[in-house]
Structure formats: C-alpha cells, structure tokens
Ligand code: AMP
Ligand code: MG
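Residue numbers (this note's numbering): 3 to 359.
Rendered as structure tokens:
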C-alpha cells in the first residue's frame with residue numbers, strides 16, 4: 003500500500019537546516035593515509051540534506067512511502083514528484099523481493115527454465131554481474147536465500163549464538179553468480195540451482211532513482227533532488243546553487259561532519275545501523291559477506307559513495323561496507339575513478355571518517 007507522507011524520516015537521510023561545527027572528528031584522506039585528524043564523537047552516521055536557499059521560484063517538496071522506502075522529491079517544477087512517484091510505482095512491480103507477484107519473485111520461483119525478463123531487470127542483473135566481478139565477490143545478488151535467513155534471525159531478536167558453519171554452508175551451496183545464466187541476446191535468465199534467490203535490495207533503489215531522473219529529463223525537467231531512503235540524486239542545480247548534501251550525525255540534530263556540493267551526482271550510504279544484532283561485544287549487520295556467509299561485523303560502521311549514477315553508488319556502498327578499507331583500496335587500484343568514498347570506522351569509542359577522493 004502506497005501512501006503520501008506528511009513527514010519523512012528516511013532510514014539514512016533527513017533534511018537538516020544547519021551546520022554546527024563538530025568538536026571532535028577524525029578524518030583520513032586518500033588511500034587511508036591520515037592526513038588530518040580530528041576526533042569524531044557521534045553515535046551513527048546518516049546523510050542529511052542542507053538546502054541552499056536563494057528564493058526566486060518556490061521549491062515543491064513531496065514525500066511518499068513506496069517500494070518499501072521513503073521517497074522525497076524536491077523541485078521548482080511542480081510536476082516532478084508525480085513523475086518520480088509513477089516511475090517508482092512501475093519499477094516496484096519488477097524489483098520488489100517481498101511481493102510474490104513482482105517480476106523478480108516470479109523469476110525466483112523458477113528453476114532450470116529460461117525466463118523472458120524485462121529490459122530493466124536484464125540491465126540490473128548485468129550491472130550486478132559486473133559489480134560482483136569488480137568487487138571480488140563482495141557484492142553478490144545471488145545470495146538472496148542467505149540474506150533472508152539472516153534477516154529472519156535479526157527479526158526474531160535475542161540471538162544467543164551464531165548459526166553453525168554447516169548451517170550456513172548448506173544455504174550457500176544454492177547460491178552463486180555462476181548459477182545465474184543471463185542470455186542478453188534472448189532477454190532470458192535461467193536460475194541453474196534449485197532454491198537460488200536473487201535479491202536486488204542493494205542496487206534496485208539506486209537504479210529506480212536513476213530511471214526516475216531519466217523520466218524527469220524526458221519531460222524537460224532539469225532540476226530536482228530525489229532521495230529514496232538515502233539513495234540520493236541531485237539533478238542540475240538547486241536554482242542557481244549546487245545541492246548541498248551533508249553527512250550528518252543523527253544523534254546531534256544539527257551535527258554535520260562533511261558537506262558535499264552536488265550537481266548531476268548521486269550519493270548513497272550503507273551501514274550497520276538499520277538492521278543488526280549485537281553478540282559477544284560485536285555488532286552484526288544485515289549486510290552479509292557472501293564469501294564467508296556471515297554478517298559484516300568489522301570496525302566499519304558505514305560506507306558512502308558519491309558518483310555519477312545512483313545505481314553504481316548504491317551497489318558500491320554495499321560492497322565497500324563489506325570490503326572495508328582494503329576493499330576500497332583494492333578497487334581504486336584497479337579502476338580509475340572520480341568517485342568520492344567515505345568509510346566511517348569505530349574502534350572502541352573512537353570513530354573515524356576515512357575519505358578517498
Ligand atoms: P544496502 O542498504 O543498499 O546496503 O542493501 C542491503 C541489502 O542488500 C540487504 O538487506 C540484503 O537484502 C542485500 N545484501 C546483503 N548483503 C549483500 C551483499 N554482500 N551484496 C549484495 N546484496 C546484499
Ligand atoms: Mg546498496
């Protein structure tokens with residue numbers, strides 16, 4: 003059920019109006035060389051939006067709940083939010099893992115049968131395949147049954163011990179990108195292992211944002227901000243200025259650790275603050291390392307990526323949360339990139355922001 007909201011409290015994003023300087027913040031720039039260090043003292047890291055006000059045309063702001071997330075649209079063009087919303091509604095019918103009638107659910111219910119898929123599903127699957135290779139398997143959409151297993155455990159709560167490696171291995175044997183056959187010429191996908199489930203939760207939202215941007219451009223709209231639960235795209239400028247997006251400390255209503263001015267760029271965050279469980283002094287997130295089968299429980303508490311499109315930003319934020327500092331360094335050593343990456347780590351009470359530009 004889709005409903006329009008009068009107030010939004012996105013999982014990673016919220017609008018915040020000011021930039022009080024942080025007293026204690028530790029930031030490291032580049033390939034993890036600490037060039038400058040200030041202490042950071044905050045509980046979680048979210049993205050907050052700071053919007054520059056230059057008056058002139060009024061800004062239209064709308065908020066919805068759709069595709070299992072909060073959707074926020076801002077534009078001086080009154081048509082923008084409805085166009086974005088309609089595109090999300092259309093794409094949710096393809097990508098919604100939890101709707102048994104969605105295209106992805108129908109594909110997931112098949113085995114060893116070539117299934118004709120939509121151009122959108124084909125595109126996201128091919129991108130997912132590429133990201134899987136580029137991140138040494140840290141990003142993997144073929145482990146849906148494993149992700150589901152962990153999410154169910156987290157939902158139940160009060161986890162006293164980790165499941166055995168045998169239990170995890172028995173789920174993992176039905177997973178793997180090599181068991182998904184994509185025939186692009188024929189537009190078919192074949193799941194070659196019974197029980198294999200594709201979960202596009204780490205990339206589909208970013209893709210939906212990108213598709214909504216295309217829909218806006220088709221209608222001649224050249225300025226808007228779309229925020230789908232923390233997957234953000236800044237189209238054009240905010241009237242005459244860039245859109246200003248701040249990395250915010252939600253425990254301090256006004257605290258921001260970094261401001262970024264974005265024009266035609268996306269920003270996305272993955273972190274361990276949404277769904278998690280604590281065990282033996284460690285925090286285990288809903289993001290799983292597909293190479294071990296166990297949730298990420300490292301000192302990384304969030305990963306944020308700024309780049310030209312939201313699909314890539316979404317996929318890579320998840321991958322970098324899994325891979326951590328070494329994963330980011332490895333990626334950057336292989337792929338020349340203009341993207342900006344922020345990893346927040348926590349050791350004891352001390353938090354650090356590692357900035358890669
Ligand atoms: P995100 O919030 O974009 O980081 O996506 C997290 C969601 O992606 C999880 O709730 C899972 O459904 C799924 N997921 C978990 N771990 C991975 C992974 N290593 N690669 C791809 N998808 C994942
Ligand atoms: Mg993601």
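For each residue, glycine too, the CB sits at the ideal point set by N, CA and C.
- Query: Can we count residue 159 as close to ligand 1, meaning its CB is less than 7 Å from some heavy atom?
  - Reply: At a threshold of 7 Å, residue 159 does not count as near ligand 1, since its beta carbon sits no closer than that to any of the ligand's heavy atoms.
- Task: May I ask whether a heavy atom of ligand 2 can be found less than 7 Å away from the beta carbon of residue 270?
- Result: Distance from the C-beta of residue 270 to the nearest heavy atom of ligand 2 is below 7 Å.
- Message: Ignoring anything shorter than 3 residues, give me the beta strand (DSSP E) runs that lie fully in the segment 269 to 345, in order along the chain.
- Response: Look at the segment 269 to 345 and you find these whole runs of beta strand (DSSP E), each 3 residues long or longer: 278 to 281, 284 to 287 and 302 to 309.
- Message: Measuring only the C-alpha atoms, how far is residue 155 from residue 170?
- Response: One C-alpha to the other measures close to 13 Å.
- Where residue 267 sits in the DSSP three-state scheme: For residue 267, the three-state secondary structure derived from DSSP is strand.
- Cβ-based neighbour list, residue 212, same chain, cut-off 6 Å, excluding 5 preceding and 5 following: Excluding sequence positions up to five before and after residue 212, its CB lies within less than 6 Å of the CB of 311, 312 and 313, all in the same chain and listed in chain order.
- Looking at the unbroken alpha helix (DSSP H) that takes in residue 175, where does it start and where does it end? Counting along the chain, no alpha helix (DSSP H) covers residue 175, and no H or E run does either.
- Message: Less than 8 Å between the C-beta atoms of residue 223 and residue 92, yes or no?
- Response: In this structure, residue 92 does not lie closer than 8 Å to residue 223 by Cβ.
- Assigned secondary structure, residue 24 (DSSP; H/G/I helix, E/B strand, else coil): Unreliable placement is indicated for residue 24, whose pLDDT of 27 sits below 50; the coordinate value is still reported in the next sentence. Residue 24 falls in the coil class under three-state DSSP.
- Task: Determine, using beta-carbon pairs with one atom in the segment 120 to 133 and one in the segment 235 to 251, whether at least three such pairs fall under 8 Å.
- Result: The segment 120 to 133 and the segment 235 to 251 do not touch, with fewer than 3 CB-CB distances between them shorter than 8 Å.
- Task: Take the Cβ of residue 216 as the centre, count every other Cβ of all protein chains shown within 10 Å, and call the residue buried at 16 or more, exposed below.
- Result: Burial call: exposed.
- Task: Classify residue 230 as buried or exposed, calling it buried when 16 or more other Cβ atoms lie within 10 Å of its own Cβ.
- Result: It counts as buried.
- Query: Short check: CB of residue 85 to CB of residue 218, under 8 Å?
  - Reply: Cβ atoms of residue 85 and residue 218: closer than 8 Å.
- Task: Check whether the Cβ of residue 203 sits closer than 7 Å to any heavy atom of ligand 1, and report yes or no.
- Result: For residue 203, the CB falls within less than 7 Å of some heavy atom of ligand 1.
- Item | Pair within 8 Å by beta-carbon distance, residue 193 and residue 106 | Note that the C-beta distance between residue 193 and residue 106 is not below 8 Å.
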